[in-house]
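Participant:
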Amino acid sequence: MARDLPTAEEFYSEVLGWAFRPTRLGEEFAVGFLDGTPVAGIGALADSLAVAVAWTPYFAVDDADLTAARIHERSATVAVGPLSFGTGRAALAADRDGAVFGIWQGKAIPDWSMGTDKAPAWLELRTRDAFDAAIFYAEVLDWACAQPGCCQVAYEDDHVVLRHQGDVVARITGGAVGEAPDPHIRPRWHVYFYVPDVDFAVRTAVGLGGRVIAPADPTSADAWVTLRDPDGGLFTVTSNDPVAGPPR
Numbered sequence: 127m128a129r130d131l132p133t134a135e136e137f138y139s140e141v142l143g144w145a146f147r148p149t150r151l152g153e154e155f156a157v158g159f160l161d162g163t164p165v166a167g168i169g170a171l172a173d174s175l176a177v178a179v180a181w182t183p184y185f186a187v188d189d190a191d192l193t194a195a196r197i198h199e200r201s202a203t204v205a206v207g208p209l210s211f212g213t214g215r216a217a218l219a220a221d222r223d224g225a226v227f228g229i230w231q232g233k234a235i236p237d238w239s240m241g242t243d244k245a246p247a248w249l250e251l252r253t254r255d256a257f258d259a260a261i262f263y264a265e266v267l268d269w270a271c272a273q274p275g276c277c278q279v280a281y282e283d284d285h286v287v288l289r290h291q292g293d294v295v296a297r298i299t300g301g302a303v304g305e306a307p308d309p310h311i312r313p314r315w316h317v318y319f320y321v322p323d324v325d326f327a328v329r330t331a332v333g334l335g336g337r338v339i340a341p342a343d344p345t346s347a348d349a350w351v352t353l354r355d356p357d358g359g360l361f362t363v364t365s366n367d368p369v370a371g372p373p374r
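Residues are numbered in our numbering as their position in the sequence shown, beginning at 1, plus a constant of 126.
(1) Compute the Euclidean distance between the alpha carbons of residue 359 and residue 353, then round it to the nearest angstrom.
(2) Given a cut-off of 7 Å on the beta-carbon distance, is the pair residue 312 and residue 262 in contact?
(3) Just verifying my parser: in three-state terms, what is the DSSP assignment at residue 201?
(4) Using a Cβ distance threshold of 8 Å, determine whether the region 223 to 231 contacts the region 178 to 197, with at least three qualifying pairs required.
(5) Quick check on residue 156: buried or exposed, where buried means 16 or more other Cβ atoms within 10 Å of its Cβ?
(6) By DSSP's criteria, residue 169 is part of a beta bridge. Which residues make up the other side?
(7) Is it buried or exposed for residue 318, if we count other Cβ within 10 angstroms and need 16 for buried?
(8) Considering only their Cβ atoms, is the gap separating residue 191 from residue 164 smaller than 7 Å?
(9) Considering only residues of the same chain and omitting the five flanking positions on each side of residue 331, which have a CB-CB separation below 6 Å?
(10) So, helix, strand or coil for residue 321, using DSSP?
(11) Are residue 378 and residue 193 closer than 7 Å when you measure CB to CB?
(12) Taking the alpha-carbon of residue 258 as reference, which of 361, 290, 301 and 273 has the nearest alpha-carbon?
(13) Between the alpha carbons of residue 223 and residue 325, how many angstroms are there, rounded?
(14) Starting from residue 256, trace the alpha helix (DSSP H) both ways and give me its first and last residue.
(15) Going by DSSP, which residues form a beta bridge with residue 349?
(16) Assign residue 153 to buried or exposed, taking buried as 16 or more other Cβ atoms, counted over all protein chains shown, within 10 Å of its Cβ.
(17) Is DSSP giving residue 133 helix, strand or coil here?
(18) What's the C-alpha gap between residue 322 and residue 160?
(19) What do you reckon, are the CB atoms on residue 205 and residue 218 nearer than 7 Å?
(20) Identify every residue that forms a DSSP beta bridge with residue 147.
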């Protein structure tokens, strides 16, 4: 969600090479495509809403009402919905630690996917207790179930790793479990976008009013740079395989 939709479209078009198309949801929402494949949606925030600009992951579900009930049952929060929205139903929620995510029941644009060499490379949940978070999302979203097409969950190199059809699509990273929660650190989902040239993406972002939040490590061959767009939305550009993960 962005404050200025045309400016956001221009920024991500230049930085990530996306082409935007309108949707049935009206002029306040557009979908970005890369080489004809849908990669992300950007919606316009109402001026009256005093909320932060941010990327929010939406997880596909078979039944939005059932999923919302599961969220409530596990002491988490459903902030909005489920509501009818375009061709389906959606809700905005937060897990027990406050990380915001959405759920979506309904049709999706064909060929929407994530994984290695795709524009949305993967998601990362940064939270206090990765194991507890993994259990919450598995119970709410039916991860690691016996149904065909279900996501697989594994614990690898101190991270919980989520795979779908062989591709790593999300990681859950924890820390400071034995300490009191830091009020200055809010658990959140973070999005990684794949780019063929990280340096070019960074230069372009800065030239369009973005900022570098976490620069690349000059001593590492890995390329990870976290940026903030002109509206304040955080994201990371990378040219690396998601299995290894960014340096800590």
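Heads up, the beta-carbon is just placed ideally off N, CA and C, and yes, glycines get one too.
Computed from a predicted structure; not experimentally measured.
Facilitator: A quick look at the data gives this:
(1) 8 Å
(2) no
(3) coil
(4) yes
(5) buried
(6) 155
(7) buried
(8) no
(9) 141 and 353
(10) coil
(11) This structure cannot speak to residue 378, because the chain is shown only from 127 to 374.
(12) 301
(13) 34 Å
(14) 256 to 267
(15) DSSP lists no partner for residue 349.
(16) exposed
(17) helix
(18) 12 Å
(19) yes
(20) 157
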